[in-house]
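Residue numbers (full-length UniProt numbering): 1 to 385. Working notes, structure below.
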Ligand code: KIV
Ligand code: ZN
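Set out below in structure tokens:
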């Protein structure tokens, strides 16, 4: 089974989520948990963006030893010098330089011709290589870039020393099929591509970030980038926990695994949610509150007989204690009886029927019946004559 590297950017692209502002101590706490989670590369921030970010990146690089720490830089000497000062104490100093390559970005944002963009990228990568052993170069907005221009600039930056080429779907525009073809095109047309690794970086504007990342893996990406809980600019980045669990559960389909310690997923998700203030939606895959909750009688009955009827992931795999049988208006007698037994009640069939009727009446009045409600119903029924 081949290994795909996980490049976590929770502390950089994730922190770019609207309304998120992590302080130095919070960043360090998340960095330590990401290390426990087993990410291969951690993007700790953008050192030239602020003094606070510089200090946090430096402290993380100086502390974390279990993975490579990187930082973002624009394609200029000042950003690269600042990133070196922040990252040089790291276990495996690595720089991430980005420069836009799509017509809309080059014309309106950079105000440069394509050849000027090539020159700037090559100069930046060559300069960075004087200091950093590993230099990743990202073709920002790769999915809206002219293919022949992309091939040309990738060849040049590899010649200049880039060790990783990232093809970001910066605006979440692509589809799995197209993104796979983009990787094939670059692999088949850049003559020196064997000298660099290919990386995928997807945004979720059209809700396809995880699917696009999986497609990239199937078409030659050996590194995937994303964030915990999928936080990030606008609609966010690819959710790393979803990619890792998809690769694990669908081993029949994918020949790749990550090095993530899956049992650390829930703890990491909770920490990121708490410190960023970004709530995880209840129905979010893998880590949402309802991801392992069953409410309907048919589902509850199935899961109680054999969990794989309605659960393809075991809660324990991702560090969650157990599934939840939520008692609501769709629930059946089987789950109700199980709940009563878990509370230590041993009711006669008749009393159980009576309690179940009271419970069903309550579901007509409350959206979710809590354990305390059920306990009260059972106690009342048991003590009633
Ligand atoms: O989405 C993007 O293009 C980025 C780059 C900086 C890699 O985050
Ligand atoms: Zn991004």
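Each residue gets a CB set at the ideal place from its N, CA and C atoms; glycine is no exception.
Item                                                                                                                                    : Value
Three or more C-beta pairs below 8 angstroms linking the region 295-310 and the region 328-343                                          : yes
Any non-hydrogen atom of the ligand ZN closer than 6 angstroms to residue 13 Cβ                                                         : yes
Alpha-carbon to alpha-carbon, residue 159 and residue 126                                                                               : 9 angstroms
Where residue 194 falls, given that 16 or more other Cβ within 10 Å makes a residue buried                                              : exposed
Same chain only: Cβ atoms within 6 angstroms of residue 265, ignoring 5 sequence neighbours per side                                    : 241, 318, 319
The alpha helix (DSSP H) enclosing residue 208, as first and last residue numbers                                                       : Careful: residue 208 lies outside any alpha helix (DSSP H) and carries neither H nor E.
Segment limits, beta strand (DSSP E) that includes residue 169                                                                          : 164-169
For residue 200 and residue 216, the rounded distance between their alpha carbons                                                       : 6 angstroms
Cut-off 7 angstroms between Cβ atoms - residues of its own chain near residue 328, not counting five sequence neighbours on either side : 295, 363, 368, 369
Stretch pair the region 45-53 + the region 226-236: three plus CB contacts closer than 8 angstroms                                      : no
Endpoints, the alpha helix (DSSP H) within which residue 185 is located                                                                 : 176-189
beta-carbon residue 201 near the ligand KIV non-hydrogen atom, thresh 6 angstroms                                                       : yes
Exposure of residue 153, with buried meaning 16 or more beta-carbon neighbours within 10 Å                                              : buried
Beta-ladder partner(s) of residue 136, from DSSP                                                                                        : 96, 164
Contact under 7 angstroms by Cβ, residue 95 with residue 56                                                                             : no
Identity of the residue in 173, 287, 101 nearest residue 138 by Cα                                                                      : 101
Nonlocal neighbours in the same chain, by C-beta distance under 7 angstroms from residue 196, ignoring five residues either side        : 158, 162, 163, 164, 165
Spatial distance of residue 326 from residue 63 (CA atoms)                                                                              : 43 angstroms
Contacting residues, own chain, Cβ-Cβ under 7 angstroms from residue 104 (five flanking each side not counted)                          : 144
Test item: CB-CB of residue 12 and residue 38 under 7 angstroms                                                                         : no
Pairwise C-alpha distance: residue 273 and residue 331                                                                                  : 30 angstroms
The beta strand (DSSP E) enclosing residue 73, as first and last residue numbers                                                        : 68-74
Inter-residue CB distance, residue 386 and residue 378 (contact presumed, cutoff 8 angstroms)                                           : Only positions 1 to 385 of the chain appear in this structure, which leaves residue 386 out of reach.
Environment of residue 300 [buried if 16+ CB atoms lie within 10 Å]                                                                     : buried
Rounded distance between the beta-carbons of residue 224 and residue 6, thought under 8 angstroms                                       : 6 angstroms
Three-state class that DSSP yields for residue 295 in the structure shown                                                               : coil
Which of helix, strand or coil DSSP assigns to residue 24                                                                               : helix
Whole-angstrom distance between residue 147 and residue 185, CA atom to CA atom                                                         : 8 angstroms
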